[in-house]
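Numbering (the working numbering), first residue to last: 503 to 614.
Data block below; observations after.
Now the structure itself:
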């Protein structure tokens with residue numbers, strides 16, 4: 503059973519560049535960890551200083567190992583002073599996945 507975690511991160515106005523640097527470094531590091539399937543930060547479209555994390559793990563144990571690691575503790579410490587309020591995370595367990603495939607070629611008139 504794999505695990506999906508979605509988090510919202512609320513950055514401080516004026517400290518965005520520092521937060522983006524930290525999130526970028528963290529994303530690169532965590533993607534390389536055993537058990538990490540996906541780890542992506544994205545900026546919210548309507549709110550410049552808010553971000554969303556989408557992470558996918560092979561198991562709860564893999565995700566827990568990361569959250570118990572020295573690297574995660576350092577990441578949490580470095581977030582100090584960069585957030586307007588605590589992040590919010592929801593964790594989901596998935597027993598199976600499905601990747602839809604297109605039923606035909608994309609009509610160029612439908613592309614945005």
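All C-beta atoms, glycine included, are put in the ideal place defined by N, C-alpha and C.
In the three-state DSSP reduction, residue 528 falls in the helix class (H, G or I). Secondary structure of residue 591 (DSSP, three-state): strand. Around the beta-carbon of residue 557, 16 or more other beta-carbon atoms lie within 10 Å, marking it buried.
Three or more Cβ pairs drawn from the segment 535-544 and the segment 552-570 lie within less than 8 Å of each other, which places the two stretches in contact.
In the assembly as shown, residue 511 is a buried residue. Its beta-carbon has 16 or more other beta-carbons within 10 Å.
Counting other Cβ atoms within 10 Å of its Cβ, residue 513 reaches 16 or more and is therefore classed as buried. With a beta-carbon spacing of about 11 Å, residue 589 and residue 507 fall beyond the 8 Å limit used to define contacts. Rounded to the nearest angstrom, the gap between the Cα atoms of residue 609 and residue 585 is 43 Å. The C-beta of residue 591 has fewer than 16 other C-beta atoms within 10 Å across all chains shown, which makes the residue exposed. Counting along the chain, the unbroken alpha helix (DSSP H) around residue 576 starts and ends at 572-581.
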